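If you're matching positions, the sequence shown starts at 2 in our numbering and goes up one per residue.
Even for Gly, the Cβ is constructed at its ideal location relative to N, Cα and C.
Owing to the predicted nature of the structure, the values given are computational and were not obtained by experimental measurement.
Below is one structure, written out as structure tokens; the observations come after it.
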Amino acid sequence: MANILIRPPWHLPDSQITPESAYLRRREFLRSMGFIGGGLLTGLAAEAADAPKTAVPRNPEFDPKEPLSLEEAATSYNNFYEFSTSKTRVKELVGKFKTDPWTVEVAGLCEKPFKLDLTALTRDFSPEERVYRFRCVEAWAMVVPWTGFPLAKVIEKAQPKSEARFVSFTTALRPDEMPGIARLADYPWPYTEGLTLEEARHPLTLLATGIYGRPMPKQNGAPVRLVVPWKYGYKSIKSIVRIEFTAKQPATLWETLNPKEYPFESNVDPKVPHPRWSQSTERMVDTGDRVPTRYLNGYADLVGKLYPNRKT
Ligand SMILES: Nc1nc2c(c(=O)[nH]1)N[C@H]1C(S)=C(S)[C@@H](COP(=O)(O)O)O[C@H]1N2
Ligand SMILES: [Mo]
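Set out below in structure tokens:
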């Protein structure tokens, strides 16, 4: 138990997981990961790639001006511990997971608690496409087009009370459909995350229902997940069933397991190393290229004001 708590198995920097990647040439790397021709994974991701594209306008305001990561990579290299700790196996294990029908409960310290169904999630809030950088605490990164809408729209509708200072998020807990849960029986399921109300209201904070112009694949968090691009990836909680306004800072799964390694705030910062690895560079998930990590994942212009006391 103690061992698990101190060293969650998957949170190895991926320089350790795939040390060879640094030495491989781009195409060899892509092939070795199965992202191009002949790889094992190519056929397996075909299902997601077959889903029809849905036309939503791309919001040009958030363009990171970097090439998009390969869709194949973003949808077949996943962290979703309810299914597996193996990034490449998650998508093979999501088959039983039922994401339709779906309800998200919006509750807690607010004047107007309500429920969101799939129609509300995918149509009522004028979804748009936004290309964001995404940075996992394990030091891999990608650039992906999300379909979604600002969480702020849901918050406005709920009208948080003046005592509300945080927002907590909860993932579905369905051990019968999620084979990874029983294998990590000591984890404080369900997966939970949280933001300050100010962070949750920020226009960058997205509730996403799709990726690459298609409905969200189950392995990426169908039918709705959070995307908080200036924080480490574990804050971007998947398959959300509950959004709750609270007065106190909510417990989160990763902070409960290991507060030193996975603190509540978790802003991307190249100057603050993880206790077990440097955060100064990151590996692009599809090409294997190693690039410098940027403060707030490149979003300092937009969200830097939220953190006036940064000490680094
Ligand atoms: N419910 C849930 N949400 C989750 C996770 C998880 O294991 N369970 N993993 C997190 C981590 S560590 C990362 S990096 C991202 C990965 O998202 P992706 O698979 O779409 O790249 O999801 C986050 N959200
Ligand atoms: Mo992550």
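Decide if residue i is buried, meaning its Cβ has at least 16 other Cβ atoms within 10 Å, or exposed.
{"i": "N318", "result": "Any property of residue 318 remains undetermined from this structure, which presents the chain solely from 2 to 313."}
{"i": "N4", "result": "Residue confidence for N4 is low, a pLDDT of 38 falling below 50, so the modelled location carries little weight and cannot support an answer."}
{"i": "V292", "result": "exposed"}
{"i": "G96", "result": "exposed"}
{"i": "G39", "result": "Model confidence at G39 stands at a pLDDT of 44, short of 50, so the residue's coordinates are unreliable; what they give is reported in the following sentence. Under this definition G39 is an exposed residue."}
{"i": "G299", "result": "buried"}
{"i": "P276", "result": "exposed"}
{"i": "T282", "result": "exposed"}
{"i": "R284", "result": "buried"}
{"i": "W255", "result": "buried"}
{"i": "L42", "result": "Residue confidence is low: L42 scores 46 on pLDDT, short of 50, so the model does not pin down where it sits. Its coordinate-derived value is still stated next. Classification of L42: buried, given that the 10 Å Cβ count is 16 or more."}
Hey, could you find the ends of the alpha helix (DSSP H) residue i is sitting in?
{"i": "A173", "result": "From DSSP, A173 is part of no alpha helix (DSSP H); its letter is neither H nor E."}
{"i": "E67", "result": "No alpha helix (DSSP H) holds E67; DSSP gives it neither H nor E."}
{"i": "G355", "result": "Within the shown structure, residues of the chain are numbered from 2 to 313, placing residue 355 beyond reach of any answer."}
{"i": "T253", "result": "From DSSP, T253 is part of no alpha helix (DSSP H); its letter is neither H nor E."}
{"i": "K129", "result": "A small fix is needed here, since residue 129 is Glu in this sequence, not Lys. E129 -> not in any alpha helix (DSSP H); beta strand (DSSP E) instead, spanning 129 to 136."}
{"i": "E73", "result": "72 to 75"}
{"i": "V304", "result": "301 to 304"}
Is residue i helix, strand or coil by DSSP?
{"i": "A142", "result": "strand"}
{"i": "F167", "result": "strand"}
{"i": "N268", "result": "strand"}
{"i": "G44", "result": "Any reading at G44 must be qualified, since the residue scores a pLDDT of 44, below 50, and its modelled position is unreliable; no value is offered."}
{"i": "W103", "result": "coil"}
{"i": "G211", "result": "strand"}
{"i": "G234", "result": "helix"}
{"i": "L94", "result": "coil"}
{"i": "R124", "result": "helix"}
Does the distance between the C-beta of residue i and the nearest non-hydrogen atom of ligand 2 fall short of 7 Å?
{"i": "E256", "result": "no"}
{"i": "G195", "result": "no"}
{"i": "Y235", "result": "yes"}
{"i": "E111", "result": "Going by the sequence as given, residue 111 is Cys instead of Glu. Not under cutoff, so the answer is no."}
{"i": "V138", "result": "yes"}
{"i": "N80", "result": "yes"}
Where do the ends of the beta strand (DSSP E) carrying residue i lie?
{"i": "L198", "result": "L198 -> not in any beta strand (DSSP E); alpha helix (DSSP H) instead, spanning 198 to 202."}
{"i": "L152", "result": "Careful: L152 lies outside any beta strand (DSSP E), inside the alpha helix (DSSP H) at 152 to 159."}
{"i": "D118", "result": "115 to 118"}
{"i": "L227", "result": "226 to 228"}
{"i": "V286", "result": "Neither: V286 is in no beta strand (DSSP E) and is coded neither H nor E."}
{"i": "V273", "result": "Run containing V273: none; DSSP gives neither H nor E here."}
{"i": "P58", "result": "That residue, P58, is in no beta strand (DSSP E); it is neither H nor E in DSSP."}
{"i": "T294", "result": "First-last for T294: undefined, no H or E at that position."}
Taking 7 Å as the cut-off, does the CB of residue i come closer than this to any heavy atom belonging to ligand 1?
{"i": "K158", "result": "no"}
{"i": "N221", "result": "yes"}
{"i": "E283", "result": "no"}
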